[in-house]
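>
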Amino acid sequence: MLKELPRFLAITFVLLVMSSCKKEESIKINESNKAPQALLENEFIVRGTTFNTNLNTAYIYKIESDTLTLMDTISIKEKAFTFKGTSNQPEFYAIKVDESDVMYKFLVDASEINMFLNTNLFLSSTSSNSETQKVYSDYKSKMDAFDYKERELFLKYKSPQTASKRTSILNTDLENLQIEKITFVMQFIEANNNSQFTPFVLQENYHSFSTENLRKLHDTLTNAIKNLPSIKLIHNDIVSLEEKEAQQSIKNTEYRPMAYTLSGPNTNGQTISLASLKGKVVLVDFWASWCAPCRTTNPNLVRLHNKYKDKGLVILSVSEDKGEPEWLGAIQADNLTWNTHILDNNKTIAFRYGVSSIPHKMLVDKQGRIASGKISGITLENRIKELLTE
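Our numbering numbers the first residue of the sequence shown as 14 and each following residue consecutively.
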């Protein structure tokens with residue numbers, strides 16, 4: 014299963030680490046730059062230029078599943094080098110020079126790619142007229158900006174003057190940055206649903222998404238992208254996750270125990286309780302403003318609310334926020350217009366229901382019994398429809 018946060022290679026990378034699993038057909042190394050020439054089908058050529066005059070040898074690696082495979086070596090002559098190869102789909106390569114351990118990562122596709130290396134500043138850049146390369150460049154620029162913001166936050170709160178309260182402020186700022194980043198990634202995938210580079214984006218950020226959002230993102234892809242081997246693997250994983258959640262949901266509905274007492278003040282200070290909602294199908298959503306995965310599922314909650322509110326569905330949102338400003342701000346920002354919100358800032362309700370992580374959604378039937386434990390994605394909506402017909 015693909016569920017792990019991005020891993021780091023042992024060797025230092027200058028550029029953002031992403032992985033791919035594509036098959037290499039062949040690679041041919043040329044030892045000097047040549048004039049532009051027509052490329053054959055699936056062929057690429059990289060024309061490299063270096064800032065330094067004392068470089069001798071470049072080592073070319075292919076990156077597969079976070080593993081480096083040395084493909085060949087090239088002589089650098091008069092600050093220039095060239096190498097060619099073939100690739101059916103975009104792939105990531107890396108280059109290092111002489112005895113340095115610094116790796117310069119770049120994307121390869123069937124195009125002519127110009128590369129510039131400045132080993133004094135540990136910098137590299139590439140340019141190409143390929144549409145895939147342009148999409149990659151846009152994505153990398155934005156992700157580099159997020160990385161820069163994160164570093165700035167750590168430096169900002171490193172000051173002794175902010176030591177007493179820097180942890181809570183830093184965590185809040187980092188959480189907001191993570192929400193912004195995940196939102197960007199989702200929008201990027203949807204906007205580039207036919208790009209050969211999009212599978213890399215989905216792979217790299219796979220573990221930031223709930224099963225529900227993974228399904229949504231997969232379904233936005235064009236058929237051509239869905240048929241790529243890497244996306245087929247992701248789809249198989251999504252199906253497996255959905256089946257497990259469905260099985261767990263069925264298991265949790267076998268006995269339908271009565272739901273525990275649940276009550277608290279809503280956004281207007283009025284006390285609301287689960288018992289008062291008897292006769293309705295209740296979707297209890299444990300969430301928080303600082304929880305990026307929670308926030309990315311909120312648009313689907315809004316959709317479910319609008320679609321089924323007149324058919325007997327009520328969403329009871331239980332927030333684990335510590336303070337009201339963050340809680341109320343997120344409710345307004347995400348357009349959570351229902352008035353059945355409860356602030357569980359000491360996690361009493363979450364503890365009673367055994368909720369150890371969020372997002373966590375559960376369903377209570379019209380008789381006040383737990384009809385489904387943790388549930389999400391398409392399984393959630395299907396179960397809602399079943400309960401509404403009872």
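Think of the CB as a built atom: it goes at the ideal place given N, C-alpha and C, for glycine as much as any other residue. Source: prediction; values computed, not measured.
Could you check how far apart the C-beta atoms of W303 and T185 are, in whole angstroms? I think they sit under 8 Å.
Sure, about 7 Å apart at Cβ, within 8 Å.
> Please name the residue, chosen from I202, Q191, S113 and S141, that lies closest to Y152 on a Cα-to-Cα basis.
Considering only alpha carbons, the answer is I202.
> Hey, how far is the Cα of L166 from the Cα of L183?
Rounded to whole angstroms, L166 to L183 spans 7 Å at the Cα level.
> Runs of 3 residues minimum, wholly inside the stretch 266 to 326: which ones carry the beta strand (DSSP E) assignment?
Counting whole runs of 3 or more residues, the stretch 266 to 326 contains the beta strand (DSSP E) stretches 276 to 278, 284 to 286 and 294 to 300.
> Mark N226 as exposed unless 16 or more other C-beta atoms lie within 10 angstroms of its C-beta, in which case mark it buried.
N226 is buried by the Cβ-count criterion.
> Spell out the partners DSSP gives I87 in its beta bridges.
Answer by DSSP bridge pairing, in chain order: A71.
> Mind checking H231: buried by the 16 CB within 10 Å criterion, or exposed?
Counting Cβ neighbours within 10 Å, H231 comes out buried, since at least 16 surround it.
> With a threshold of 8 Å, are at least 3 pairs of Cβ atoms found where one atom belongs to the stretch 52 to 69 and the other to the stretch 116 to 130?
Contact holds: three or more Cβ-Cβ distances are below 8 Å.
> Which two residues bound the contiguous alpha helix (DSSP H) that contains M128?
No alpha helix (DSSP H) holds M128; the beta strand (DSSP E) holding it covers E125 to N131.
> Applying the criterion that 16 or more other CB atoms from any shown protein chain within 10 Å of the CB defines a buried residue, is Y366 buried or exposed?
Label assigned to Y366: buried.
> Span of the beta strand (DSSP E) holding I108?
Counting along the chain, the beta strand (DSSP E) containing I108 begins and ends at E104 to V110.
> Compare the C-alpha of I371 against each of K324, C307 and N359 and name the closest.
Nearest C-alpha to I371: C307.
> For E333, which of helix, strand or coil comes out of DSSP?
E333: coil per DSSP, three-state reduction.
> Output the residue ranges of the beta strand (DSSP E) runs that lie fully inside the stretch 214 to 274 and measure 3 residues or longer, sorted by chain position.
The qualifying runs do not exist here; there are none.
> Just to confirm the assignment, what range does the alpha helix (DSSP H) spanning G390 have?
Its alpha helix (DSSP H) spans residues G390 to L401.
> Does H373 pass the burial test, meaning 16 or more other C-beta atoms within 10 Å, or should it be called exposed?
Buried, by the Cβ-count rule.
> By how many angstroms is the C-alpha of V327 removed from the C-alpha of E258?
If I take the Cα positions, the gap works out to 22 Å.
> For T392, I'd like the list of residues in its chain whose CB is within less than 7 Å of its CB, leaving aside the five on either flank, ordered along the chain.
Within the same chain, T392 has close Cβ partners E255, E258, A259 and S262.
> Starting from V148, follow the alpha helix (DSSP H) in both directions and report where the run begins and ends.
Element bounds for V148: E144 to K169.
> Got a sec? Which residues, its chain only, sit under 7 Å from D111 by beta carbon, not counting five neighbours each side?
Same-chain partners within the cutoff: L68, N69 and T70.
> Start and end of the alpha helix (DSSP H) containing R365?
Residues T361 to R365.
> I'd like the span of the beta strand (DSSP E) that includes K374, first residue to last.
Where K374 is concerned, the enclosing beta strand (DSSP E) stretches over H373 to V377.
> Could you have a look at E203 and say whether DSSP puts it in helix, strand or coil?
Note: E203 maps to helix in three-state DSSP.
> In chain order, what residues of the same chain lie with their CB nearer than 7 Å to the CB of D357, ignoring the 5 residues before and after it?
Once the five neighbours on either side are set aside, the close Cβ partners of D357 are G277, V331, S332, E333 and A363.
> Report the rounded CA-to-CA distance for P312 versus E188, giving the unit in angstroms.
Near 18 Å, if we compare the C-alpha coordinates of E188 and P312.
> Taking the alpha carbon of N218 as the point to measure from, which residue in K155, L349 and I195 has its own alpha carbon closest?
The shortest Cα separation from N218 among K155, L349 and I195 belongs to I195.
> Quick one: what does DSSP say L341 is sitting in, helix, strand or coil?
Helix, per DSSP.
> What are the partner residues of V121, as DSSP defines its beta bridges?
Its beta-bridge partners are E104.
> Rounded to the nearest angstrom, what separates E394 and L317 at their Cα positions?
Cα to Cα, the separation comes out at about 8 Å.
> By DSSP, does K194 sit in helix, in strand, or in coil?
Correct three-state label for K194: helix.
> Rounding to the nearest angstrom, what Cα-Cα distance links K335 and R396 in this structure?
In a straight line, the C-alpha of K335 is about 31 Å away from that of R396.
> For K291, which residues in the same chain have their Cβ closer than 8 Å to its Cβ, ignoring the five residues on either side in sequence?
K379, Q380 and G381.
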